[in-house]
Amino acid sequence: MPKKQTRAQGLARQIQAVTGLPYTLCLKLCEPYEDSSAGLARELRAVGLTEAADHLLAVEAVATEASTWFEAGGEFEQRYYYTDNDRVQEVSRACSDAAEAVLGRAGFERLSWDTNAEVYHAAFLALSKAGTMPDGRALARAALDVFADDPEWCSDVVRFPGDPFTYETAAELTGPDTATAVAARKAARAMARAAAVRFSGDEEWMGAAGIMVEAIWHAGVAAGLPPLLGRVSEVNRAHRVSACHWVT
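Going by numbering that gives the first Met the number 0, the first residue of the sequence shown is number 0, and it counts up by one from there.
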């Protein structure tokens, strides 16, 4: 009796049927890997935020499957762009349609802001929880790891609505006076301020980006790390804006 296919094997067969690419290549595209969201989900579960962890993993599964379809279309284009451009266009459309169908079934309009907004919601919950604990460094570190090294990108994501969610609970946060807890609460409150900035123009976009640098700074402190460690884009922005203005 044939063994049941894994999720990766099933997706690889679907991609092969659409693209005609070798199955071994399709399977390689579908190989599971653990990213920062998986680590965040694990830490959320460890502190009892099981529903948030499950939701985050479900969102990541959708995002990964959609990304794999887009990647498959790109792989086909790379191989056949100069020899069969008509077929490339056809396969690219089919892969894009498949990716959008995956997103649509989960209630997302597009990959990127839609799905990443959910990841940032989870990071906010993690920082909020860390702010109630004497030592929430592991939780804060997991939240920190999901932030992109691009404050303008963070600005877009944190302001995107995603599923119904509110950052307003940040105003009510209380907890112990340890350095980790205080910094975690500051990070969560900064995320809430950034999320409240309107989508209207470059000034607001850059303003929210500056606030997200503040959030990432405090998240690093909460995680027990030097502020903005390894984050070139955030450091550059911090140099352009006086620290006394935004790190409070």
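Where a beta carbon is used, it is the ideal one built from N, C-alpha and C, also for glycine.
Next item on the list: At 4 residues or longer, and completely inside the segment 161–241: list those alpha helix (DSSP H) runs for me, N to C.
Entry: 178–194, 201–221 and 231–239
Item checked: Beta-carbon proximity list for residue 184, same chain, < 7 Å, skipping 5 on both sides -> 130, 172 and 174
Notebook entry, point to check: Whose C-alpha, out of 218, 164, 117 and 104, is nearest the C-alpha of residue 189?
Noted result: Closest option to residue 189, Cα to Cα, is 218.
Check: From residue 89 to residue 202, what does the alpha carbon distance come to, in whole angstroms?
Finding: Between the C-alpha atoms of residue 89 and residue 202 there is a straight-line separation of about 40 Å.
Next item on the list: Give, in chain order, every unbroken run of the alpha helix (DSSP H) that is at least 4 residues long and sits entirely within the segment 52–118.
Entry: Here the runs fully enclosed are 84–104.
Note to self: Below 8 Å on the Cβ atoms is my contact criterion, and I expect residue 10 with residue 64 to pass it. Report the Cβ-Cβ distance as a whole number of Å.
What the structure shows: 6 Å
Note to self: Less than 8 Å between the C-beta atoms of residue 121 and residue 179, yes or no?
What the structure shows: no
Item checked: Three-state secondary structure assigned by DSSP to residue 253 -> The structure shown has nothing for residue 253, since the chain only spans 0 to 247.
Notebook entry, point to check: If you count every other CB in all the chains shown that lies within 10 Å of the CB of residue 92, and 16 or more means buried, which is it?
Noted result: exposed
Note to self: Given a cut-off of 8 Å on the beta-carbon distance, is the pair residue 157 and residue 211 in contact?
What the structure shows: Yes.
Note to self: At the level of alpha carbons, what is the spacing between residue 76 and residue 102?
What the structure shows: 22 Å
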